[in-house]
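Asker:
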Amino acid sequence: MLYKYLTLLLNIPLLLIGFFLLNRSAGFFVDGASSIARKIKLPESMISFTIVALGASLPKLFTNILAVMNGYDDLVIGNVIGSNIFNLLGIIGIVGLYRPIRANRYTLFIGIPFSILSVVLLYLLSNNILFGTKSIVLGLSNFDGYILLIGFIGFMTYGYFNVKKHNAIWFEESHQKIEHYAIWFAVLMFIIGLIGLYAGAILVVDNLIDISRKYHLSQRFLGQFVLALGGSFTMLWWTLNFKTHQSKFEVSSLIGTNVLNIFGMLGVCAVIAPMAYNTSFNIDIYILIAISILLMLFLWTGKKLNLSLAKCRFLVLLLIVYMVYLFVR
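Next comes the structure, spelled out in structure tokens:
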């Protein structure tokens, strides 16, 4: 028994190192890839919406790919659903405690409904409802993965042209000098980023599974709580550091991240290997849909397209209730 607790002292530092490697390596990857893209004269709006925007999701993507390749399906699905809930309740709620949160009408009328649609599609596919399959084992097949990836391509196409139309550059401050590295150094940063992402994913997944086996914790809980919470810290830091003139993109970017988590990440993982689905996740899907609808109502009522301090406090309260629910369950 003492040995088990002593090994936990090793698991936790290694887990933290893994999260650190994932986040720092994503930064190297984005800086290197962005510099290479600028060298070949790609438009800044394209770099912003693709390389830089997707860079925030790279740690989660590498972790999920490694997990699905080893058959840890609950860890993958729990990570995605948990991250989406934390994005809406935690990041928006916490940031809203410090300053008002703004959105734009495209987020209210297109982004959030599209994100709800993605969750509903996930529910239909994973419960084998959409195509009426008689398979006893529920889950996402390779074919389901391709359907999700088609949704991912469609969403990215719309998002890119929407950003280009409004000349928006996300994740970049207009007064900051854009970095240009020598091509050899940019390639080196790109390679280091990839290696670091892979190493960080190994540390995170291996230590989570070790903790799961030692303490009989479900992969579902670890994915929804530890992985989701750890992955959301980067997004929280980025959102907290937004400038006022950019803050109207905060809700948009979080909603976009949620859509990409379902269409992109689960799509890629299902194509790599079919995933079994635990029907206990249906409750969390209902919760995610309810939270999305609540967010729409919050943006529609009161001062439109704004989340007041009182509304954000309520979101944080719901986050606390959800975390208690995860532990009690």
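Under numbering that gives the first Met the number 0, the letters of the sequence shown match residues 0 to 328, in that order.
Built from N, CA and C at the ideal position, the CB exists for glycine as well.
1. Which two residues bound the contiguous alpha helix (DSSP H) that contains Arg328?
2. Out of curiosity, what's the CA-to-CA distance linking Pro99 and Ile128?
3. Just tell me which of Tyr157, Leu314, Leu316, Asn83 has its CA closest to the CA of Ile109.
4. Would you mind giving the Cβ-Cβ distance between Ile111 and Met295, rounded to the nearest angstrom? I have them listed as a contact below 8 Å.
5. Decide if Thr6 is buried, meaning its Cβ has at least 16 other Cβ atoms within 10 Å, or exposed.
6. Please classify Arg212: does DSSP put it in a helix, a strand, or coil?
7. Straight-line CA distance for Leu20 to Leu196?
8. Rounded to whole angstroms, how far is the Cβ of Ser24 from the Cβ of Gly192, which I believe are closer than 8 Å?
9. Could you tell me which of Ser307, Leu325, Arg328 sits nearest to Ile93, measuring between CA atoms?
10. Could you please give the first and the last residue of the uninterrupted alpha helix (DSSP H) stretch that includes Asn63?
11. Quick one, which of Ser33, Gly199, Leu298 has its alpha-carbon nearest Phe61's?
12. In angstroms with no decimal places, state the Cα-to-Cα distance between Asp215 and Thr278.
13. Does the contact criterion of 3 or more C-beta pairs under 8 Å hold for the stretch 140-158 versus the stretch 254-273?
14. Measuring straight from C-alpha to C-alpha, what distance separates Leu65 and Ile201?
15. Evaluate the contact criterion for the stretch 217-236 versus the stretch 71-78: three or more CB pairs, one atom per stretch, below 8 Å.
16. Kindly indicate the opening and closing residues of the alpha helix (DSSP H) around Phe280.
Answerer: Answer, in terms of the structure:
1. That residue, Arg328, is in no alpha helix (DSSP H); it is neither H nor E in DSSP.
2. When rounded, the distance between both Cα atoms is 41 Å.
3. Comparing Cα positions, the closest option is Tyr157.
4. Between the beta-carbon of Ile111 and that of Met295 there is about 5 Å, and that keeps the pair under the 8 Å contact cut.
5. By the neighbour-count rule (16 or more Cβ atoms within 10 Å), Thr6 is not buried but exposed.
6. Note: Arg212 maps to helix in three-state DSSP.
7. Our two residues, Leu20 and Leu196, have alpha carbons roughly 7 Å apart in a direct line.
8. Confirmed, about 5 Å.
9. Ranking Ser307, Leu325, Arg328 by Cα distance to Ile93 puts Ser307 first.
10. Asn63 -> alpha helix (DSSP H) spans 57-68.
11. It is Gly199 whose Cα lies nearest to the Cα of Phe61.
12. Strictly speaking, residue 215 in this sequence is His, with Asp absent from that position. So the alpha carbons of these two residues sit roughly 20 Å apart.
13. In short, these stretches touch, since the Cβ pair count reaches three.
14. Between Leu65 and Ile201, the C-alpha separation is close to 7 Å.
15. Yes, since at least three Cβ pairs between the stretch 217-236 and the stretch 71-78 fall closer than 8 Å, the two stretches touch.
16. 280-299 is the extent of the alpha helix (DSSP H) around Phe280.
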